[in-house]
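*Asks:*
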Amino acid sequence: MFELTVPWWELILRGVVVYAFLLLLLRLTGKRQVGQLAPFDLVLLLVLSNAVQNAMNGGDNSILAGVISATTLVVLNLGLGYATYKSKKLEAVIEGQPEVLIHNGQLYTRVMERAMLTNHELHAALRQNGCLSVDEVHSAILENNGAISVVAKRSIVT
Numbered sequence: 012m013f014e015l016t017v018p019w020w021e022l023i024l025r026g027v028v029v030y031a032f033l034l035l036l037l038r039l040t041g042k043r044q045v046g047q048l049a050p051f052d053l054v055l056l057l058v059l060s061n062a063v064q065n066a067m068n069g070g071d072n073s074i075l076a077g078v079i080s081a082t083t084l085v086v087l088n089l090g091l092g093y094a095t096y097k098s099k100k101l102e103a104v105i106e107g108q109p110e111v112l113i114h115n116g117q118l119y120t121r122v123m124e125r126a127m128l129t130n131h132e133l134h135a136a137l138r139q140n141g142c143l144s145v146d147e148v149h150s151a152i153l154e155n156n157g158a159i160s161v162v163a164k165r166s167i168v169t
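Numbers 12 to 169, taken from my numbering, label the letters of the sequence shown in order.
Listed below in structure tokens is the structure:
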């Protein structure tokens with residue numbers, strides 16, 4: 012139950028490798044995937060966690076191996092959070108940067124294509140912010156977390 016069948020350092024190394032791989036994989040899928048979980052996205056995350064479990068524990072199902080693996084992931088997450096807080100360059104690489112979708116009623120379709128954002132998703136965000144069309148929007152920005160921030164033209168004070 013508490014006896015490791017894999018060396019402790021190997022559990023830590025496996026955790027670091029899997030964490031880095033998943034971070035890169037999820038970062039490459041884009042902002043939309045992280046910020047707006049559809050049912051199939053949730054299923055993907057659950058299946059991913061199961062798929063990498065053995066890669067992390069090396070077949071060691073002891074309590075101690077689980078504690079070491081979990082601690083490794085939490086420490087990595089805290090460390091990465093601190094590093095991105097301290098370094099704006101690293102933050103941009105890890106979290107990305109906001110992207111303008113609409114400016115003064117002009118829609119940037121290339122940004123939408125790159126983010127794999129559908130017209131339906133964009134218009135749903137516009138409606139949530141009281142805009143019925145792109146023409147009513149001063150700016151719409153795809154944030155790092157996948158949310159869309161909208162500023163209506165009528166809310167701009169001149």
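Every residue, glycine too, gets a C-beta built ideally from N, C-alpha and C.
1. If I measure Cβ to Cβ from Ser150 and keep anything under 7 Å in the same chain, skipping five residues before and after, which residues do I get?
2. Using three-state DSSP, classify Leu143 as helix, strand or coil.
3. Under a three-way DSSP split, which group does Val162 fall into?
4. State the CB to CB distance for the pair Ser80 and Leu22, rounded to an integer number of angstroms; the pair is presumed to be in contact (CB under 8 Å).
5. Taking buried to mean at least 16 other C-beta atoms within 10 Å of its own C-beta, is Met67 buried or exposed?
6. What's the C-alpha gap between Val9 and Leu89?
7. In terms of alpha-carbon separation, which member of Ser60, Leu24, Pro18, Trp20 lies closest to Leu37?
8. Please state whether DSSP places Val85 in a helix, a strand or coil.
9. Compare the C-alpha of Pro109 against each of Leu75, Asn156, Met127, Trp19 and name the closest.
10. Which of helix, strand or coil does DSSP assign to Leu153?
11. Quick one: what's Val111 bridged to in DSSP?
12. With C-beta atoms as the reference, is Leu33 less than 8 Å away from Val63?
*Replies:* Quick answer:
1. Here residue 150 corresponds to residue number 139 of the sequence shown, with the count starting at 1. Cβ within range, chain order: Val111, Ile113, His114, Val162.
2. Your numbering for residue 143 matches position 132 in the sequence shown. Correct three-state label for Leu143: coil.
3. Reading the sequence shown from its first residue, position 151 is the one you call residue 162. Looking at Val162 - three-state DSSP - the assignment turns out to be strand.
4. Stepping through the sequence shown from its first residue, residue 80 is reached at position 69. Stepping through the sequence shown from its first residue, residue 22 is reached at position 11. Ser80 to Leu22, Cβ: 6 Å. Contact.
5. Indexing the sequence shown from 1 puts residue 67 at position 56. Met67 comes out buried.
6. The chain is shown from 12 up to 169; residue 9 falls before or after that span and cannot be answered.
7. What you label residue 37 is simply residue 26 of the sequence shown in a count that begins at 1. It is Ser60.
8. Locating residue 85 in the sequence shown gives position 74, where the first residue counts as 1. Three-state DSSP puts Val85 in a helix.
9. For the purposes of this step, residue 109 is taken as the residue at position 98 of the sequence shown. Closest by alpha carbon: Asn156.
10. Position 142 of the sequence shown, counted from the first residue, corresponds to residue 153. Here Leu153 sits in strand by DSSP.
11. Your numbering for residue 111 matches position 100 in the sequence shown. In DSSP, Val111 forms a bridge with Ile152.
12. For the purposes of this step, residue 33 is identified with residue 22 of the sequence shown, where counting begins at 1. For the purposes of this step, residue 63 is identified with residue 52 of the sequence shown, where counting begins at 1. Yes, the Cβ-Cβ distance between Leu33 and Val63 is below 8 Å.
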